[in-house]
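For reference, the structure is listed below as structure tokens.
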Amino acid sequence: MTISNKQINDLPIAFFDSGVGGLTVLHHLKKMLPNENYLYFGDTVHVPYGEKSKRQLISYSENILNFFNKLGCKAVVMACNTTSSVVYEDISAKYNFKLYPIVQTAAKVLAQLNITNLGVFATKATVMSGAYEREIAKYNPKMKVFTQHCPEWVKIVENNTLNLPENIEIVKNDLELMMKNKPEKIVLGCTHYPFLKSVLSKFASVDLFIDPAVCFAQFIVSDLKENGLLNGNDSVGYEKFFVSANPEKFKDAAKLFYDIKELPHLVTF
Ligand code: DGL
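Position one of the sequence shown corresponds to residue 280 (the numbering used here), numbered consecutively onward.
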């Protein structure tokens with residue numbers, strides 16, 4: 280039996296991340312494409328990805344991609360800077376669906392900024408991979424890119440403790456360290472970090488920060504369009520959420536970016 284174009288176009292777009300971070304990308308894509316169907320997997324049993332080895336990250340990513348493959352999807356969005364930086368190149372050729380990595384996509388746009396000094400806040404694994412520096416240098420070798428690891432930020436977001444005074448202090452200190460490099464712009468190079476924008480904006484102009492999810496979502500829209508993969512439905516699409524641990528905690532921490540109606544399904548591999 281052959282599958283028609285219409286059947287392929289009706290398949291969902293799948294997202295994954297270690298937790299709620301990837302919702303910052305889904306939030307933008309859903310606004311641009313409300314009629315698409317969406318799947319989202321938060322690998323909350325393994326969060327934080329930024330502290331994991333390449334071997335572990337490959338195994339987690341493959342399990343999730345195989346899960347999406349079984350469910351059926353037309354594209355998978357790696358809404359995670361860490362897996363985009365560390366595993367994308369190793370696994371991208373293995374799947375039949377489109378796989379969109381955030382770092383490689385955003386780097387093309389960031390490289391065009393008319394600035395010399397670009398700061399990037401990211402997880403330890405992303406910083407160690409050198410992916411931001413490498414990808415931006417492909418398009419703009421003159422731009423100085425300096426990355427900084429923020430060890431506590433993912434935990435703060437997942438635990439939904441953004442407003443605790445001690446956590447505001449942690450964010451302030453990390454920002455002060457970054458400011459020593461005199462960045463003209465700072466990329467929030469982990470999809471969890473846009474959750475902290477309101478805290479960061481207490482200490483610096485909000486215009487200083489770039490959330491790559493915006494240009495990433497724009498790219499996905501134009502690429503799906505170019506490849507004839509948009510669904511032509513008039514009604515609002517469905518969305519299904521999956522987590523590998525703590526569905527209640529996930530739903531609660533998500534609130535700032537996404538109103539999840541039903542409790543996410545718990546999945547273990
Ligand atoms: N949100 C992910 C990223 O963009 C992973 C963060 C983590 O779990 O360490 O890097």
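Yeah, the Cβ is synthetic: ideal placement off N, Cα and C, and Gly gets one too.
Checking the 7 Å criterion, the Cβ of His471 is within range of a heavy atom belonging to ligand 1.
Taking C-alpha positions only, Leu397 is separated from Lys464 by approximately 5 Å. Within the same chain, and ignoring the five residues on either side of Ile489 in sequence, the residues whose Cβ sits closer than 6 Å to its Cβ are Lys464, Val466. Straight-line spacing of the CA atoms in Ile449 and Ala390 works out to 29 Å. Annotation: the continuous alpha helix (DSSP H) that includes Ala386 extends over 381-389. Annotation note: the stretch 413-464 contains the following uninterrupted beta strand (DSSP E) runs of length 3 or greater, listed N- to C-terminal: 423-428.
The nearest non-hydrogen atom of ligand 1 is 7 Å or more from the C-beta of Val466. Contact annotation: Ala404 and Lys331 have beta-carbon atoms nearer than 8 Å. Listed in chain order, the non-local C-beta contacts of Val424 below 7 Å within the same chain comprise Leu397, Val399, Tyr411, Glu412, Ile415, local neighbours out to five positions each way being set aside. If you compare the alpha carbons of Pro313, Ser297, Gly301, Thr362 with that of Ser408, the shortest gap goes to Thr362.
Sequence-distant Cβ neighbours of Asp538 in its own chain, meaning closer than 6 Å and more than five residues away, do not exist here. Between the alpha carbons of Leu454 and His471 lies a distance of about 16 Å.
Relative to ligand 1, the nearest heavy atom lies less than 7 Å away from the CB of Cys359.
In the structure shown, Tyr317 adopts extended strand secondary structure according to DSSP, grouped into three states. Put simply, of Leu344, Ile394, Cys359 the residue whose alpha carbon is nearest the alpha carbon of Tyr374 is Leu344.
Judged by the Cβ position, Tyr374 fails to qualify as a neighbour of ligand 1 at the 7 Å threshold, every heavy atom of the ligand being at least this far. Contiguous beta strand (DSSP E) elements confined to the stretch 338-363 occur at 354-357, taking only those with 3 or more residues. With a contact defined as Cβ atoms closer than 8 Å, Val304 and Ala496 qualify at about 6 Å. Val299 sits close to Glu437, with the two beta carbons spaced by under 8 Å.
According to DSSP, residue pairing for Gly398 in a beta bridge involves Phe425, Ile465.
If you look at Asp296, you'll find it in the beta strand (DSSP E) that goes 292-296. For Ala293, the number of other beta carbons within 10 angstroms of its own is at least 16, and it is reported as buried. Using a C-beta cut-off of 8 Å, the stretch 503-510 makes no contact with the stretch 476-485, since fewer than three inter-stretch Cβ pairs fall below that distance.
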